[in-house]
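Enquirer: What follows is a structure written as C-alpha cells; I'll ask about it next.
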Amino acid sequence: MQYKIRKLDGRYTHREYFEYCVVFYPQMAPNNKGVLWFNNVLQWFTRTYGHSCEIRDWRSMLRYHHNFASYLDDTVLPDHVNFYWSWTNGYDDLRIYVKSAKELTLFKLAHSVDNTTN
Numbered sequence: 394m395q396y397k398i399r400k401l402d403g404r405y406t407h408r409e410y411f412e413y414c415v416v417f418y419p420q421m422a423p424n425n426k427g428v429l430w431f432n433n434v435l436q437w438f439t440r441t442y443g444h445s446c447e448i449r450d451w452r453s454m455l456r457y458h459h460n461f462a463s464y465l466d467d468t469v470l471p472d473h474v475n476f477y478w479s480w481t482n483g484y485d486d487l488r489i490y491v492k493s494a495k496e497l498t499l500f501k502l503a504h505s506v507d508n509t510t511n
C-alpha cells in the first residue's frame with residue numbers, strides 16, 4: 394500500500410478539525426491500486442471508529458448544528474459527524490482526514506507503506 398501523510402497546517406483546509414490527512418494518489422499507484430487501497434482504508438476507519446461522511450457534508454452538518462445550537466442539544470448532532478475521521482474523494486487524490494497522532498499511529502500500525510513499485 395502506498396500513501397503520503399500530511400500534517401495539516403495553515404496551508405490546508407479542515408485543519409481546525411483534523412491534525413493529519415492520509416493521501417492516496419490513484420494515478421501514481423502501481424496497477425491503478427490507489428482507489429482499492431483508499432476504499433480498504435475507508436472500511437478500516439469505519440470498523441475502527443464508526444461511520445463518517447465526506448468532509449464537505451461533515452462540515453455542512455456541523456455548521457447546521459452550530460447555527461441552531463441554542464435550540465438543539467448535542468444528541469441531535471448526526472452520527473455521521475465523526476470527530477475522529479472524515480474523507481474526501483477528489484479526482485487527483487483521495488484523502489482520509491485524521492483527528493490526531495493517536496488515530497494516525499493506529500492506522501500506520503494496521504497499514505504499512507510499501508515502497509516497492511511492482
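For the sequence shown, this note's numbering begins at 394 and goes up steadily by one.
Beta carbons: idealized from backbone N, C-alpha and C, even for Gly.
Please read all numbers here as calculations on a predicted model, not as lab measurements.
#1: Going by C-alpha to C-alpha distance, which of N482, W451 and Y477 sits closest to A494?
#2: If we ignore side chains and look at the alpha-carbon of each, how far apart do C446 and W430 end up?
#3: If you check the beta carbons only, do H407 and Y484 fall under 9 Å apart?
#4: Should R358 be labelled buried (16 or more other beta-carbon atoms within 10 Å of its own) or exposed?
#5: Should Q395 and D507 be called a contact, given that it needs their Cβ atoms to be closer than 9 Å?
#6: With DSSP as the reference, label L401 as helix, strand or coil.
#7: Assuming C414 contacts L401 under a Cβ cut-off of 8 Å, what Cβ separation, rounded to an integer in Å, is found between them?
#8: So which of K426, R440, S479 and V428 has the shortest CA-CA distance to W451?
#9: Return the Cβ separation of D486 and Y418 in integer angstroms, given the expectation that the two are a contact with Cβ distance under 8 Å.
Expert: Here's the rundown:
#1: Numbered from its first residue, the sequence shown carries residue 494 at position 101. It is Y477.
#2: Along the sequence shown, one-based indexing puts residue 446 at 53. Along the sequence shown, one-based indexing puts residue 430 at 37. Approximately 18 Å, taken between the alpha carbons.
#3: Your numbering for residue 407 matches position 14 in the sequence shown. Your numbering for residue 484 matches position 91 in the sequence shown. No, they are not a contact pair.
#4: Given a span of 394 to 511 for the chain in the structure shown, any question on residue 358 remains unanswerable.
#5: Sequence index remark: in the sequence shown, residue 395 carries index 2 (1-based). Sequence index remark: in the sequence shown, residue 507 carries index 114 (1-based). Yes; because the gap between Cβ atoms is below 9 Å, this pair is in contact.
#6: On the sequence shown, position 8 is the one that residue 401 refers to. Coil, per DSSP.
#7: Translated into positions along the sequence shown, residue 414 becomes position 21. Translated into positions along the sequence shown, residue 401 becomes position 8. With 8 Å as the limit, C414 and L401 qualify as a contact, their Cβ atoms being about 6 Å apart.
#8: Translated into the one-based positions of the sequence shown, residue 451 becomes position 58. That would be S479, whose Cα lies nearest to the Cα of W451.
#9: Working through the sequence shown from its first residue, we reach residue 486 at position 93. Working through the sequence shown from its first residue, we reach residue 418 at position 25. Indeed they touch by this definition, with Cβ atoms about 5 Å apart.
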